[in-house]
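Structure record follows, encoded as structure tokens.
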Amino acid sequence: MEYVYAALLLDAAGKQVTEKDLVEVVKAAGFSPDEARAKAMVEALKGVDIKDVIKNAQNVQVAAAPAAAAPAAHEAKKKEPVEEKKSEEEAAGGLASLFG
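Quick note: the sequence shown uses our numbering, first residue -14, plus one each step.
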């Protein structure tokens, strides 16, 4: 995960995401750098516009938030306990059956 954050940080700073820079950022954050993971991250990000991905992700979250809230509100209403009212005679009849 630290390599993802490092890539985001480098992109936010307007720098190219390179293996060397990823390793430096990860090392500066106090993690042990791993050249293979840095290389894999750079390869995975080839041709990816990080700012565009973030922008699209924010649009999806904003659109999905109201849709996700509606079922939750419905579930809350659905789970309210329904209390049945019994007449005094029914309650007394239930007790009387205990004692024969």
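Even for Gly, the Cβ is constructed at its ideal location relative to N, Cα and C.
Heavy atom of the ligand SAM within 7 Å of residue i beta-carbon
| i | result |
| --- | --- |
| V2 | As far as ligands go, the structure on display features none, and thus does not contain the ligand SAM. |
For residue j and residue i, the rounded distance between their alpha carbons
| i | j | result |
| --- | --- | --- |
| T3 | A23 | 8 Å |
| A14 | A(-2) | 16 Å |
| L(-7) | N41 | 15 Å |
| K43 | E28 | Just to set this straight, residue 43 is Gln in the shown sequence, not Lys. Those two C-alpha atoms are separated by around 24 Å. |
| A21 | A(-9) | 15 Å |
| K0 | V45 | 26 Å |
| V33 | P18 | 23 Å |
Host alpha helix (DSSP H) of residue i (start-end)
| i | result |
| --- | --- |
| D34 | First-last for D34: undefined, no H or E at that position. |
| A(-2) | Note, A(-2): premise wrong, no alpha helix (DSSP H); not H, not E. |
| A25 | 20 to 29 |
Beta carbon of residue i nearer than 8 Å to that of residue j
| i | j | result |
| --- | --- | --- |
| I35 | D(-4) | yes |
Minimum C-alpha distance to residue i - residue among the options
| i | options | result |
| --- | --- | --- |
| V11 | M(-14), K0, I39, K31 | M(-14) |
| M26 | K0, F16, V8 | V8 |
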